[in-house]
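What follows is a single structure, written as C-alpha cells, with notes after it.
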Amino acid sequence: MNQPGFVVSLVAGGVAGASVDLILFPLDTIKTRLQSPQGFERAGGFRGIYAGVPSTAIGSFPNAAAFFLTYEYVKWFLHIDSSSYWMPVKHMLAASAGEVVACLIRVPSEVVKQRAQVSASSRTFQIFSNILHEEGIQGLYRGYKSTVLREIPFSLVQFPLWEYLKALWSWRQDHAVDSWQSAVCGAFAGGFAAVITTPLDVAKTRIMLAKAGSNTASGNVFSALQGVWRSQGFTGLFAGVFPRMAAISLGGFIFLGAYDQARSMLSKVGRKSW
1 MNQPGFVVSL VAGGVAGASV DLILFPLDTI KTRLQSPQGF ERAGGFRGIY
51 AGVPSTAIGS FPNAAAFFLT YEYVKWFLHI DSSSYWMPVK HMLAASAGEV
101 VACLIRVPSE VVKQRAQVSA SSRTFQIFSN ILHEEGIQGL YRGYKSTVLR
151 EIPFSLVQFP LWEYLKALWS WRQDHAVDSW QSAVCGAFAG GFAAVITTPL
201 DVAKTRIMLA KAGSNTASGN VFSALQGVWR SQGFTGLFAG VFPRMAAISL
251 GGFIFLGAYD QARSMLSKVG RKSW
C-alpha cells in the first residue's frame, strides 16, 4: 500500500467510526444499562441516554482510524491472491491485528463512557479524573483483555463475512459492489457477529463497571461469565442482545458503508491530486 492508501484508510476509518458511534449512542446506553449488575432502572433506565457522549466523541475517530489503518496494512502485507482459499484467514488476521491496536484507544474511552452511562448525574471529566485518582492509568485499561477477547471473535466473524458477501454480490452482478451494497453486507455481518458474541460483551461490561478491588474488577473474563451464569443464568449471558444486535446491524450498515464510500471518494481525490 502506498502512502496515499495509508492516509485514505486513516481518514475514511475515522469518519466512519465517529459517525456510527455518535448516531447510535442512545442504543449503546440502553444496552449498557441492561447489562449493568445494578439493573436497568437503577442504572438510569431511559433517562440521560446521552450520558458519556463526550468520551465517545473524543475516542471514536482515532479508534476507528487505528483499526482500519492496521486492517488495510495487514491485508496488503500478507499478499494473498483474491482467488486463494486463504483469503478468509487473511481477513481474520487483519481484523484481529486491527482490534488489538484499536483497543489501546478504545478501552479508556469505553471505561469512562460506560461509567457515565450508569451514573448519568456525574460529568464525563469528573469520572475520568476519579478513575485516574483512585486507580491510576491501569484503571483506564480495566477490561482491556475482556474487550480484546470480545472484539477479536467479533471481527473474526464480521469482517470475513462482510468481505465474502461483498465478493459474492460482486460476482453475481459482474461488477464491484456499490457503497450501499457494502453497507447491506456490513449490516448482516455485524448483526450476526453481535448475537454470538453477546456473552463476551456482558463480561466486558461487568468488568468495567465492577467496584475497584472486587474479584470481577480483576478482569478475569471466565470468572465474570460464571458470576453472571450463577446469578442470572442463560438470559443474563445474553442481556441486551436485541439493542446490541440492532445497534451493530445499523452500525455495520453505516460504519462499513461509510468507510467504503469515504475511501472511494478520498481515493479519487488522491488520484487527482497526485
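Counting from 1, one number per residue, gives the positions in the sequence shown under full-length UniProt numbering. Think of the CB as a built atom: it goes at the ideal place given N, C-alpha and C, for glycine as much as any other residue.
Bounding residues of the alpha helix (DSSP H) (the contiguous stretch that carries residue i)
i, result
"GLN117", "87 to 117"
"TYR144", "144 to 173"
"ILE137", "137 to 140"
"PRO26", "25 to 35"
Straight-line Cα distance separating residue j from residue i
i, j, result
"ILE127", "GLN158", "32 Å"
"ALA51", "ILE23", "14 Å"
"GLN226", "SER129", "31 Å"
"TYR73", "ALA94", "8 Å"
"ARG47", "GLN114", "14 Å"
"VAL228", "ALA203", "8 Å"
"LEU34", "ILE58", "24 Å"
"ALA16", "TYR259", "5 Å"
"LYS268", "VAL8", "10 Å"
"SER146", "ASN220", "8 Å"
"MET87", "HIS79", "10 Å"
"GLU151", "VAL241", "15 Å"
"LEU161", "GLY251", "15 Å"
"GLY39", "GLY45", "9 Å"
"ALA189", "THR29", "22 Å"
"GLU41", "LEU156", "34 Å"
"SER19", "LYS166", "22 Å"
"PHE255", "PHE234", "30 Å"
"GLU134", "SER122", "16 Å"
Sequence-distant residues of the same chain with beta carbon closer than 8 Å to residue i, five excluded per side
i, result
"VAL11", "ALA65, ALA262, LEU266"
"LEU132", "GLY139, LEU140"
"TYR164", "PRO88"
Residue i in three-state terms, based on DSSP
i, result
"LYS211", "coil"
"ILE80", "coil"
"PRO243", "helix"
"GLY233", "helix"
"PHE61", "helix"
"VAL178", "The sequence as given places Asp at residue 178; Val does not occur at that position. Note: ASP178 maps to coil in three-state DSSP."
"TYR50", "coil"
"SER122", "coil"
"GLN226", "helix"
"ARG263", "helix"
"GLU72", "helix"
"GLY45", "coil"
Residue i Cβ short of 7 Å to the ligand NAP heavy atom set
i, result
"HIS175", "Absence of the ligand NAP from the depicted structure is noted, as is the absence of any ligand whatsoever, leaving it without description."
Neighbourhood of residue i by C-beta distance below 6 Å, restricted to the same chain and skipping five residues each side
i, result
"ALA102", "ASN63, ALA66, PHE67"
"GLU43", "In the sequence as presented, Glu is not what sits at residue 43; that position holds Ala. For ALA43, where only same-chain residues beyond five positions count, the Cβ hits under 6 Å are ARG33, SER36, VAL118."
"GLN181", "TRP169"
"residue 275", "Outside the displayed span of the chain (1 to 274) sits residue 275, for which this structure offers no information."
"THR70", "ALA97, GLY98, VAL101"
"PRO26", "ILE49"
Close Cβ partners of residue i (< 7 Å) along its chain, the five nearest in sequence each way excluded
i, result
"ILE137", "none"
"THR124", "GLY52, PRO54, SER55, VAL112, ALA116"
"GLY257", "SER179, TRP180, SER182, ALA183, GLY186"
"LYS90", "LYS75, LEU78, ILE80"
"MET1", "Confidence at MET1 is low in this model, with a pLDDT of 44, below 50, so its placement is unreliable and the value that follows should be read with caution. Cβ neighbours of MET1 beyond the five flanking positions: GLU72, TYR73, TRP76."
**Message:** Tell me whether the segment 169 to 184 and the segment 196 to 213 touch, counting them as touching only if at least three CB pairs, one residue from each stretch, are closer than 8 Å.
**Reply:** no
**Item:** the segment 101 to 116 touching the segment 141 to 156, judged by at least three CB pairs closer than 8 Å
**Value:** Of all C-beta pairs linking the segment 101 to 116 to the segment 141 to 156, three or more are shorter than 8 Å, placing the two stretches in contact.
**Item:** Touching by the beta-carbon criterion (3+ pairs, under 8 Å), the segment 237 to 254 and the segment 186 to 202
**Value:** yes
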